[in-house]
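*Asks:* Okay, here's the structure, questions in a sec.
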Amino acid sequence: MTLLDIKNLRTYFDTEAGLVKAVDGVDLSLERGEIVAVVGGSGSGKTILALSILKLVPEPGKIVSGEISYNGIDLVKLPASELRKVRGGKISMIFQEPMTALNPVFTIENQISEAILTHDKTFDNRAAPGRTAELLSMVGIPDPVKKMKAYPNELSGGMRQRVMIAMALASKPDILIADEPTTALDVTIQAQILELIASLQVKLGMAVIFITHDFGIVAQVAHRVYVMHDGRVVESGKVGDVFERPKDDYTKKLLATVPVL
Amino acid sequence: MVWHQLKRNKLALTGLAVIVLLFIVAIFAPMIAPYNPNAYDLDSVLKAPSLAHLFGTDDQGRDVFSRIVFGARISLSVGFVAVSIYITIGIILGAIAGYYGGWIDIALSRLIEVVICFPTFFLILAILAFVGPSIYNIMIVIGLTGWTGVARLIRGEFLRLKSVDFVSAAKASGASDFRIIFRHLLPNSLAPVLVSASFGVAAAILVESSLSFLGFGVPPYVSSWGGILSESREYMDVAWWLTITPGLAIFLTITAYNLLGEGLRDAIDPRMR
Numbered sequence: 023m024t025l026l027d028i029k030n031l032r033t034y035f036d037t038e039a040g041l042v043k044a045v046d047g048v049d050l051s052l053e054r055g056e057i058v059a060v061v062g063g064s065g066s067g068k069t070i071l072a073l074s075i076l077k078l079v080p081e082p083g084k085i086v087s088g089e090i091s092y093n094g095i096d097l098v099k100l101p102a103s104e105l106r107k108v109r110g111g112k113i114s115m116i117f118q119e120p121m122t123a124l125n126p127v128f129t130i131e132n133q134i135s136e137a138i139l140t141h142d143k144t145f146d147n148r149a150a151p152g153r154t155a156e157l158l159s160m161v162g163i164p165d166p167v168k169k170m171k172a173y174p175n176e177l178s179g180g181m182r183q184r185v186m187i188a189m190a191l192a193s194k195p196d197i198l199i200a201d202e203p204t205t206a207l208d209v210t211i212q213a214q215i216l217e218l219i220a221s222l223q224v225k226l227g228m229a230v231i232f233i234t235h236d237f238g239i240v241a242q243v244a245h246r247v248y249v250m251h252d253g254r255v256v257e258s259g260k261v262g263d264v265f266e267r268p269k270d271d272y273t274k275k276l277l278a279t280v281p282v283l
Numbered sequence: 010m011v012w013h014q015l016k017r018n019k020l021a022l023t024g025l026a027v028i029v030l031l032f033i034v035a036i037f038a039p040m041i042a043p044y045n046p047n048a049y050d051l052d053s054v055l056k057a058p059s060l061a062h063l064f065g066t067d068d069q070g071r072d073v074f075s076r077i078v079f080g081a082r083i084s085l086s087v088g089f090v091a092v093s094i095y096i097t098i099g100i101i102l103g104a105i106a107g108y109y110g111g112w113i114d115i116a117l118s119r120l121i122e123v124v125i126c127f128p129t130f131f132l133i134l135a136i137l138a139f140v141g142p143s144i145y146n147i148m149i150v151i152g153l154t155g156w157t158g159v160a161r162l163i164r165g166e167f168l169r170l171k172s173v174d175f176v177s178a179a180k181a182s183g184a185s186d187f188r189i190i191f192r193h194l195l196p197n198s199l200a201p202v203l204v205s206a207s208f209g210v211a212a213a214i215l216v217e218s219s220l221s222f223l224g225f226g227v228p229p230y231v232s233s234w235g236g237i238l239s240e241s242r243e244y245m246d247v248a249w250w251l252t253i254t255p256g257l258a259i260f261l262t263i264t265a266y267n268l269l270g271e272g273l274r275d276a277i278d279p280r281m282r
């Protein structure tokens, strides 16, 4: 069975300026252990698509129709209490801006243990620090036992994004949604984070939905790609095929923006 | 971080020192006061300050210094309890309004505006006229009328923080509303409340002194600064110490809290760095 199967999803924003169809009839499927990229320009609806999966669409946005079936369960119809178990438990998400995605008043340890204790009842307060250190070393943070006592403002952007990844992986999710996780980082750190996500994907066998505007990143990490424009999927397929034989005009334009080395 | 900033502000530190000193005085009042504050001594009525009576005596021969020392208990406890009550109410209502938004926010915001419209001091006078003057009633009434400022602060901070990334991240990781409010939103919005509390304690002490001065405060046999000041009116031209000493005590306390409040405000304001 397909791990995640999105069918004809529509997320609309009823604003004073009129109805904005941010996601307008999108189909997307994700198999176990696969990295799928969703690529598109600003305003193409890719982030709203990602937020729709966890039903985190900000006001006044609403999922008006469609189905998001995870392991056969339709997330759109799931009650809030059940949905909370999926969020961060089965499907985790990391965000674009690592500088503001951590709560500034708590230590790293505090925040990662929270993520562990929320979803995994086999850990208690005494076992959590060990697991926290383990997660931090898995995402490549040197000296994790010392670093986990730090507050977010004491870490660099790349380190914070690693912490965010560790937090997202705390519950061993089936799916990781990464919403432009490298956009706010500089190029060398970008490459490290991409490599980390790709290697963790193989190691943990999870599926990844990678949201980005950068076709260069798609080529580096993804197996399949969906190209989004104006809330619709204009083209999809294996990364190699789309790169070599783009069919849609918009895809061709996006590909033309990738610098040739 | 706030403490580091505050340390460089001499005035705020002085305020803090005065407040700490006042607390020590209030807690150890029975040991510090040389006389029973309510002991009449008709042989020494309206005596000027001397070594035996540091701040002199009043018209019934009671030691003014001892009365002021015990009065610190009333002032500080009214200030603290009243402000604690209204901060609690303000946080709860402000948090609900800011977090849930929509019609709940509209209803609570209108309620805040209605309560702000009442002239607080006269409302307190009116309520105390019904329920009778006592220190507990003063605390409760100030607490029930003073929460609007805190509620507005918390509501504003919640509205701002609600869309900050770490709150979205917490939601995405399956945190409940309760957890988001108490772990992620509240700790990040308490700093302005701290400032408001410092000013609030000063205001509450002033209200209590004013009420006692007008005779609506604590009963006359309990020594409070406003009460001493009130009794001194008749003897102002013969016994200056009766007016000056409680007046100075009120002035010093209010100033100390206001200086601390201003220091805290500057310390948490990033534009001041």
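Protein sequence lines, in the order shown, are assigned to chains A and B. 23 is the number of the first residue of the first sequence in the numbering used here; add one for each residue after it. 10 is the number of the first residue of the second sequence in the numbering used here; add one for each residue after it. Note that beta-carbon positions come from the ideal geometry of N, C-alpha and C, so glycine has one too.
1) Leaving out the 5 sequence neighbours to the left and right, which residues in its chain are closer than 7 Å to L207(A) when beta-carbon positions are compared?
2) Looking only at its own chain, which residues have a Cβ that is under 8 Å from the Cβ of S87(A), when we skip the five neighbours before and after it?
3) At the level of alpha carbons, what is the spacing between A220(A) and V243(A)?
4) Does the beta carbon of V173(B) come closer than 8 Å to any beta carbon on chain A?
5) Could you pull out every residue in the same chain whose Cβ sits closer than 7 Å to the Cβ of L203(B), ignoring the five residues on either side in sequence?
6) From which residue to which residue does the beta strand (DSSP E) around R246(A) run?
7) With 8 Å set as the bound, which would you pick, yes or no: does the beta-carbon of P126(A) sit closer than that to a beta-carbon of chain B?
8) Can you say whether A59(A) is buried or exposed, counting buried as having 16 or more other CB atoms within 10 angstroms of its CB?
9) Please compile the residues from chain B whose C-beta is within a distance smaller than 8 Å of the C-beta of S221(A).
10) How many whole angstroms separate the CB atoms of V240(A) and V61(A), which I take to be in contact at a CB cut-off of 8 Å?
11) What does G320(B) reach in chain A if we use C-beta pairs closer than 8 Å?
12) Take L52(A) and list the residues in its own chain whose beta-carbon comes closer than 8 Å to its own, dropping the five residues that flank it on each side.
13) Check the Cβ-Cβ distances between A116(B) and every residue of chain A, and say whether any is below 8 Å.
14) Take G155(B) and list the residues in its own chain whose beta-carbon comes closer than 6 Å to its own, dropping the five residues that flank it on each side.
15) I need the DSSP call for F74(B), collapsed to helix, strand or coil.
16) Taking a contact to mean a Cβ-Cβ separation below 8 Å, would you say A155(A) touches P164(A) in this structure?
17) I'd like the span of the alpha helix (DSSP H) that includes A150(A), first residue to last.
18) May I have the straight-line CA-CA distance separating A213(A) from N93(A), to the nearest angstrom?
19) Could you name each continuous beta strand (DSSP E) segment of 3 residues or more that falls completely within the stretch 163–245 of chain A, going from the start of the chain to the end?
20) Do the stretch 175–183 of chain B and the stretch 133–147 of chain A touch if we need at least three Cβ pairs shorter than 8 Å?
21) Output yes if chain A places a C-beta closer than 8 Å to the C-beta of G165(B); else output no.
22) Kindly indicate which residue of W234(B), M245(B), W250(B) and E271(B) has the alpha-carbon position closest to the one of L85(B).
23) Determine, using beta carbons only, whether K99(A) comes closer than 8 Å to chain B.
24) Strictly under 8 Å for the Cβ-Cβ distance: is S159(A) near chain B by that measure?
25) Consider the Cβ of P196(B): report whether some Cβ of chain A lies at a distance smaller than 8 Å.
26) Give me the residue from R54(A), D49(A) and S66(A) with the minimum Cα distance to K43(A).
27) Quick one: what does DSSP say K107(A) is sitting in, helix, strand or coil?
28) Which residues share a DSSP beta bridge with K29(A)?
29) Which of helix, strand or coil does DSSP assign to K77(A)?
30) Based on Cα-Cα distance, which residue from A72(A), L222(A) and P120(A) lies nearest to V161(A)?
31) Pick from I187(A), M115(A) and P195(A): whose alpha carbon is nearest that of E217(A)?
32) Pull up the distance between the alpha-carbon of T97(B) and that of S177(B), whole angstroms please.
33) Please work out which residues of its chain come closer than 6 Å, Cβ to Cβ, to I211(A), disregarding the five sequence neighbours upstream and downstream, and give them in chain order.
34) Please list the terminal residues of the continuous beta strand (DSSP E) segment that includes L41(A).
35) Answer yes or no: do P80(A) and T37(A) have a C-beta to C-beta separation smaller than 8 Å?
36) Is it buried or exposed, F167(B), if we count other Cβ atoms within 10 angstroms and call 16 or more buried?
*Replies:* According to the data block:
1) Hits under 7 Å: G179, G180, Q183 and I215.
2) Once the five neighbours on either side are set aside, the close Cβ partners of S87(A) are N30, L31 and R32.
3) Distance between the alpha carbons of A220(A) and V243(A): 6 Å.
4) So, interface residue.
5) Counting only Cβ-Cβ distances below 7 Å, and skipping sequence neighbours, we find L273.
6) Start and end: R246 to H251.
7) For P126(A), the answer is yes, since a Cβ of chain B falls inside 8 Å of its Cβ.
8) Residue environment for A59(A): buried (at least 16 other C-beta atoms within 10 angstroms of its C-beta).
9) Counting only Cβ-Cβ distances below 8 Å, S221(A) has no contacts in chain B at all, with the closest Cβ about 22 Å away.
10) The Cβ separation is near 5 Å, so the contact holds.
11) Only positions 10 to 282 of chain B appear in this structure, which leaves residue 320(B) out of reach.
12) Within its own chain, the residues whose Cβ lies closer than 8 Å to the Cβ of L52(A), once the five positions on either side in sequence are excluded, are T24, L25, L26, D27, V58, I197, A229 and I231, listed in chain order.
13) Judged by the 8 Å Cβ criterion, A116(B) is not in contact with chain A.
14) Taken in chain order, the residues that qualify are Y95.
15) F74(B) falls in the helix class under three-state DSSP.
16) Taking 8 Å as the Cβ cut-off, A155(A) and P164(A) do not qualify as a contacting pair.
17) Membership of A150(A) in the alpha helix (DSSP H) is indicated by the continuous run A150 to M160.
18) Counting only the Cα atoms, N93(A) lies some 32 Å from A213(A).
19) Entirely contained in the stretch 163–245 of chain A, the beta strand (DSSP E) runs reaching 3 residues are, in chain order, 197–201 and 229–234.
20) Contact holds: three or more Cβ-Cβ distances are below 8 Å.
21) Chain A contact via Cβ: absent.
22) Nearest of W234(B), M245(B), W250(B) and E271(B) to L85(B), Cα basis: W234(B).
23) Chain B contact via Cβ: absent.
24) Taking Cβ atoms only, chain B never reaches closer than 8 Å to S159(A), which makes this a no.
25) True, the Cβ-Cβ gap to chain A drops below 8 Å.
26) Of all alpha-carbon atoms in R54(A), D49(A) and S66(A), the one lying nearest the alpha-carbon of K43(A) is that of S66(A).
27) Helix, per DSSP.
28) According to DSSP, which records beta bridges pairwise, K29(A) is partnered with E89(A).
29) The answer is coil: DSSP assigns K77(A) none of H, G, I, E or B.
30) Considering only A72(A), L222(A) and P120(A), the residue with the shortest C-alpha distance to V161(A) is L222(A).
31) If we check each option's Cα against that of E217(A), I187(A) comes out closest.
32) Straight-line Cα distance between these residues: approximately 26 Å.
33) Apart from the 5 residues on each side of it in sequence, I211(A) sits with its Cβ closer than 6 Å to the Cβ of G180 in its chain, given in chain order.
34) Run containing L41(A): G40 to L52, per the beta strand (DSSP E) assignment.
35) Between P80(A) and T37(A), the gap from beta carbon to beta carbon reaches 8 Å or more.
36) Buried, because 16 or more other Cβ atoms sit within 10 Å of the Cβ of F167(B).
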